[in-house]
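Number of protein chains: 2
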Amino acid sequence: MKSNYDLYCDHLRKLADVMFSSAVLQWDQETYMPSKGAEMRAGQLSTLAGIAHELSVDSTFGELLNKLKDDATLTERQKRNVELSLKDFNDRNKYTTEFVQTLSLAVSEAFVAWDEAKKKSDFAIFSPKLKLIVELKRKEAELLGYKQHPYDALIDQYEPGTTTADVERLFADIRNKLKPLIEKVLKQDAPRDEFMYRFFPRQKQWDLGMDILKQMGYDLEAGRQDESSHPFTIHFNANDVRVTTRVSETNFHEMIWSTIHEGGHALYEQGLPRTEYGLPLGEACSLAIHESQSRLWENNVGRSLSYWKANWKKVLDYFPEQMKDVSVEEFFKAMNKVVPSLIRTNADELTYHFHVLIRFEIEKGLIEGSIEVEDLPQVWNAKYKAYLNIDVPNDAEGVLQDIHWSHGSIGYFPTYSLGSFYAAQLFATACKQDDSIEQSIAAGNMKPLLTWLRKNVHSEGKFYPAPKLIEKVCGEKPDFRYFMEYANAKYGVF
Amino acid sequence: MKSNYDLYCDHLRKLADVMFSSAVLQWDQETYMPSKGAEMRAGQLSTLAGIAHELSVDSTFGELLNKLKDDATLTERQKRNVELSLKDFNDRNKYTTEFVQTLSLAVSEAFVAWDEAKKKSDFAIFSPKLKLIVELKRKEAELLGYKQHPYDALIDQYEPGTTTADVERLFADIRNKLKPLIEKVLKQDAPRDEFMYRFFPRQKQWDLGMDILKQMGYDLEAGRQDESSHPFTIHFNANDVRVTTRVSETNFHEMIWSTIHEGGHALYEQGLPRTEYGLPLGEACSLAIHESQSRLWENNVGRSLSYWKANWKKVLDYFPEQMKDVSVEEFFKAMNKVVPSLIRTNADELTYHFHVLIRFEIEKGLIEGSIEVEDLPQVWNAKYKAYLNIDVPNDAEGVLQDIHWSHGSIGYFPTYSLGSFYAAQLFATACKQDDSIEQSIAAGNMKPLLTWLRKNVHSEGKFYPAPKLIEKVCGEKPDFRYFMEYANAKYGVF
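Heads up: the protein sequence lines correspond to chains D and Z, in order.
Counting from 1, one number per residue, gives the positions in the first sequence under our numbering.
Counting from 1, one number per residue, gives the positions in the second sequence under our numbering.
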């Protein structure tokens with residue numbers, strides 16, 4: 001005889017199987033699917049989304065959750081699973097199956113349109129599909145409900161408890177404290193970095209990227225790396241977590257940062273509790289915590305001098321000609337060059353937050369109706385001029401650069417900035433709690449850091465909400481000053 | 001207001017979406033999935049199989065089918081769809097959801113075990129999983145029902161209307177008419193073929209294989225080729241039909257035959273009626289007709305002198321060193337060398353049918369209980385000695401060589417021989433009806449042949465049962481003499 005909790009687990013694991021099957025189809029769509037396959041794939045993803053939705057709003061499951069809510073025999077972990085599932089169930093029940101399928105279909109078609117639009121650098125190809133996505137997202141905000149701003153309902157899906165007002169305060173902080181530092185840095189002489197744009201053959205970059213992933217501790221028997229137009233991490237369970245990267249033969253930054261960034265995401269997924277497959281505790285805490293893991297590896301580790309000192313021999317082995325007149329210190333400075341730029345994913349870690357700010361303002365405008373989809377290229381270009389003093393030469397490198405909107409992800413971007421700030425706080429805490437971490441990184445050994453992250457962050461899954469997790473691990477509430485301390489320390493070097 | 005027929009289409013297309021999603025997961029499992037992903041993938045496939053089964057036995061759908069059965073307003077094509085769906089529905093209802101899930105799980109685990117067993121050449125690793133498969137298949141035969149032999153129920157799933165007794169008669173024919181020809185051929189001097197085992201670099205073989213596929217008319221925007229341990233064709237719809245091949249750098253046969261063979265299967269799938277997605281008429285007629293398409297390209301086209309004369313320049317361009325002392329006639333004779341051998345998929349087109357005969361006898365024995373799974377290596381090796389005078393050196397090249405049993409496919413092998421015979425009859429008819437076909441092949445132009453196949457075979461889908469389709473296209477019932485005429489004509493050359 002199965003207990004109610006067992007039945008609950010069975011149901012959620014069935015739902016997880018359907019959703020992760022859908023994820024396999026998405027991975028395939030963005031890596032290996034032939035072009036003509038797109039049309040029917042959209043229908044297949046829509047059907048799976050419909051089935052998943054039916055399972056997630058199943059009334060018998062709802063009754064089970066309400067019984068379990070008051071079940072005093074459950075452990076703390078079980079209680080937390082049930083609590084999170086019940087919240088999710090109540091949220092999901094606000095959607096109709098028809099809405100979910102319509103959104104899924106719109107997203108699949110939007111992705112294909114975005115991909116073509118980006119290739120042709122023509123926003124008009126994407127525009128009608130994005131218009132539909134925005135309409136559906138506005139409907140979604142109404143369905144979910146919100147207190148102050150419809151955008152609140154969308155942020156809440158990625159970062160529960162964070163509101164539009166919170167994000168606005170955050171970006172005020174960024175303007176007040178970060179902007180002066182950037183201005184100071186920009187007054188100094190820019191480091192040389194012309195060597196980053198020499199010719200770096202694809203295969204050698206690929207091999208270096210694989211070395212980097214292995215050194216980080218990414219388990220290649222439980223994952224793989226492929227190429228896609230926009231790098232991403234996707235998981236089907238903790239034993240199958242895949243990353244993609246992109247390689248430019250004339251821009252060495254692309255592969256390095258996408259590989260380390262996605263590798264950080266993937267390490268988190270590979271470290272989630274395997275026994276909780278399909279249950280909330282088997283999932284990531286929040287998107288900002290997810291981003292904290294990628295940013296910690298990318299910035300706090302990957303943009304440090306000691307990391308590249310440890311890996312310098314490897315770089316020289318792969319690229320002796322390209323690097324023959326470059327010192328590791330010059331390499332380090334080039335990787336940390338602060339310069340307002342076009343592409344968010346290639347931005348330095350300071351101006352990066354202005355890229356996020358622009359997207360946040362646009363999303364908020366689209367959702368509240370103060371910005372029209374048709375006007376996006378002009379709006380985008382004007383904001384890049386205003387905040388970063390950048391002229392955007394075309395749609396591909398402007399408004400079409402990110403995949404997110406084609407995925408229907410609106411309300412997601414602010415978590416990127418939040419992630420960097422959590423990363424700084426977590427890394428400072430890790431180095432304080434285990435003083436072997438910094439020395440080990442300098443010796444090319446990432447194990448102590450990964451062990452600390454596994455124990456303190458990854459293995460917790462969704463047991464704590466993000467701010468609580470930070471508080472528990474760091475002994476104090478989330479604080480922006482860690483990021484500023486880190487940034488001031490590093491950019492004082494230049 | 002949707003008609004009953006529309007509702008019927010909606011339901012079947014939903015079912016198709018689930019089943020083809022499952023196919024994407026299978027493709028991934030056999031091409032790119034990391035090894036640790038296997039365990040949870042098995043569960044995911046099992047869940048999808050369970051959902052598909054629930055949809056296929058849904059009682060409301062059954063009522064709909066029974067209403068449509070007597071609906072006089074349907075077109076002939078619609079009637080045929082309903083008739084086939086109703087037969088399928090009645091068959092499916094003989095299974096429980098539990099049985100379907102158990103079988104799906106057993107198959108996923110068996111595949112992983114087979115893969116490892118083959119790599120280590122150790123049947124014992126695969127044995128317990130295969131034992132479970134056989135038990136489940138015997139149960140399945142009982143569930144489905146049969147008149148004379150439990151194996152009848154299993155063949156009927158792949159080749160409706162063909163019985164164990166039919167197959168036994170067929171193999172008697174093979175023994176009586178084919179064996180004397182083989183004996184005659186073996187008495188002649190064997191052609192030289194040592195050049196086929198020179199070093200052929202992987203990438204150049206890959207490029208030649210892609211050329212071959214393109215020349216056949218395979219649409220690479222609606223498909224792709226990858227590598228897997230056992231070549232296969234898989235489709236998610238007529239616009240996404242994928243093939244895999246295997247490349248050996250020291251055996252030029254492997255890539256050539258697997259590429260042309262799977263290419264033939266794929267052309268059939270790409271030619272099925274797109275508007276009938278998810279419906280019976282959108283599916284292949286039968287497995288034997290499917291195999292007739294692969295064999296027609298592989299043997300009737302690909303093992304002909306005119307085909308290689310047309311492609312000889314290409315072969316010399318890729319492999320000038322390897323082929324510098326070889327004439328196209330010698331190449332042709334090497335590709336048609338008749339020699340009893342170990343591996344079915346590499347066998348010549350005459351002894352091939354004895355490989356099938358052996359598998360048929362073993363399957364029949366396993367299902368009726370006269371052969372035990374544990375004894376398979378000995379049984380296998382003894383039959384290879386008896387029929388082909390071959391000593392099997394190890395399990396990997398013996399009983400573990402084929403993927404089929406790990407997929408739960410028992411009753412499938414006989415369709416291979418049937419396919420070759422249909423191929424001979426269809427190719428003879430095609431050349432008679434359109435006398436430009438042979439000349440075009442000799443000029444490297446496959447279009448007239450593909451056009452004929454598209455019109456006469458592919459576009460029909462499942463409208464006719466296999467023997468009826470042959471009769472309609474060829475103007476006479478299926479006849480073994482076409483294969484014998486073809487074989488006698490070709491092997492008279494030597």
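For glycine and all other residues, C-beta sits at the position ideal for the given N, C-alpha and C.
Inset, instruction - Determine the contact status of Ala266 (chain D) and Thr233 (chain D), defining contact as a CB-CB distance below 8 Å. - result: yes
Legend entry - Endpoints, the alpha helix (DSSP H) within which Asp226 (chain D) is located: Run containing Asp226 (chain D): none in the alpha helix (DSSP H); it sits in the beta strand (DSSP E), Gln225 to Glu227.
Legend entry - Cβ-based contacts, 8 Å cut-off: residues of the stretch 110-123 of chain D near chain Z: none
Inset, instruction - Name the two residues that bound the continuous beta strand (DSSP E) containing Val243 (chain Z). - result: Asp240 to Thr245
Legend entry - Residue-chain proximity (Ile51 (chain D), chain Z), Cβ-Cβ < 8 Å: yes
Inset, instruction - Measure the Cβ-Cβ separation of Glu349 (chain D) and Asn299 (chain D) and say whether it is below 8 Å. - result: yes
Inset, instruction - Measuring alpha carbon to alpha carbon, tell me which of D:His355, D:Glu276 and D:Phe463 ends up nearest Asn239 (chain D). - result: D:Glu276
Legend entry - 7 Å Cβ cut-off: residues of chain Z touching Asn394 (chain D): Near Asn394 (chain D) there are no residues of chain Z at all, since even the closest Cβ is about 26 Å away, more than 7 Å.
Legend entry - Where the alpha helix (DSSP H) containing Phe200 (chain Z) begins and where it ends: Segment: none, Phe200 (chain Z) is in no alpha helix (DSSP H) and carries neither H nor E.
Inset, instruction - Note down, in chain order, every chain D residue with its Cβ under 7 Å from the Cβ of Ser21 (chain Z). - result: Ser21, Leu25, Gln44 and Leu48
Legend entry - For Ser286 (chain Z), three-class secondary structure by DSSP: coil
Inset, instruction - Find out if the Cβ-Cβ distance for the pair Leu186 (chain Z), Val392 (chain Z) is shorter than 8 Å. - result: no
Inset, instruction - Would you list the one or two residues that DSSP bridges to Ile410 (chain D)? - result: According to DSSP, which records beta bridges pairwise, Ile410 (chain D) is partnered with nothing at all.
Legend entry - is_contact[Tyr486 (chain D), chain Z] using C-beta, thresh 8 Å: no
Legend entry - Below-8 Å beta-carbon distance, Phe331 (chain Z) vs any chain D residue: no
Legend entry - Proximity below 8 Å, CB of Gln293 (chain Z) to CB of Phe200 (chain Z): no
Legend entry - Proximity test, Cβ basis, 8 Å: Val82 (chain Z) and chain D: no
Legend entry - Contact list for the stretch 201-225 of chain D against chain B, Cβ threshold 9 Å: Although the question refers to chain B, the structure presented lacks it and instead comprises the protein chains D and Z.
Inset, instruction - Give a yes or no on whether 8 Å exceeds the smallest Cβ distance from Gly37 (chain D) to chain Z. - result: yes
Inset, instruction - Enumerate in chain order the residues of its own chain whose CB-to-CB distance from Leu136 (chain D) is below 8 Å, with the five nearest sequence positions on each side excluded. - result: Phe99, Thr102, Leu103, Ala106 and Gly408
Legend entry - Closer than 7 Å: Pro448 (chain Z) CB and nearest the ligand ZN heavy atom: This structure does not include the ligand ZN; it has no bound ligands of any sort.
Inset, instruction - Examine chain D for any beta-carbon lying closer than 8 Å to the beta-carbon of Asp317 (chain Z), and answer yes or no. - result: no
Inset, instruction - Indicate whether Leu48 (chain D) and Val24 (chain D) have their beta-carbon atoms separated by less than 8 Å. - result: no
Inset, instruction - Report the residues of the stretch 226-243 of chain D with a CB closer than 7 Å to any CB of chain Z, ordered along the chain. - result: Phe236, Asn237, Asn239 and Asp240
Legend entry - Ile51 (chain Z) burial status per 10 Å Cβ neighbour count (16 or more: buried): buried
Inset, instruction - Say whether chain D places a C-beta atom closer than 8 Å to the C-beta of Lys28 (chain Z). - result: The sequence as given places Asp at residue 28 (chain Z); Lys does not occur at that position. Asp28 (chain Z) counts as touching chain D.
Legend entry - Per-residue DSSP class, three states only, for Asn394 (chain D): coil
Inset, instruction - From the DSSP output, in three-state form, read off Thr73 (chain Z) for me. - result: coil
Legend entry - Cβ contact check for the stretch 321-335 of chain Z and the stretch 354-369 of chain Z: 3 or more pairs under 8 Å: no
Inset, instruction - Taking all protein chains shown into account, decide if Thr73 (chain Z) is buried (16 or more other Cβ within 10 angstroms of its Cβ) or exposed. - result: exposed
Legend entry - Tyr197 (chain D) versus Gln401 (chain D) - alpha carbon distance: 20 Å
Inset, instruction - May I ask you to list the residues that DSSP assigns as paired with Asn251 (chain Z)? - result: Z:Ser248
Legend entry - Terminal residues of the beta strand (DSSP E) in which Ile133 (chain D) lies: Careful: Ile133 (chain D) lies outside any beta strand (DSSP E), inside the alpha helix (DSSP H) at Phe123 to Leu144.
Legend entry - CB-CB length for Pro465 (chain D) against Lys477 (chain D), believed under 8 Å: In fact, because the Cβ distance is near 12 Å, the residues do not count as touching under 8 Å.
Legend entry - Same chain only: Cβ atoms within 7 Å of Ser21 (chain Z), ignoring 5 sequence neighbours per side: Leu48
Inset, instruction - Taking C-beta pairs closer than 7 Å, name the residues in chain D that Lys32 (chain Z) reaches, listed in chain order. - result: One point to set straight first is that residue 32 (chain Z) is Tyr, not Lys, in the sequence displayed. Arg224, listed in chain order.
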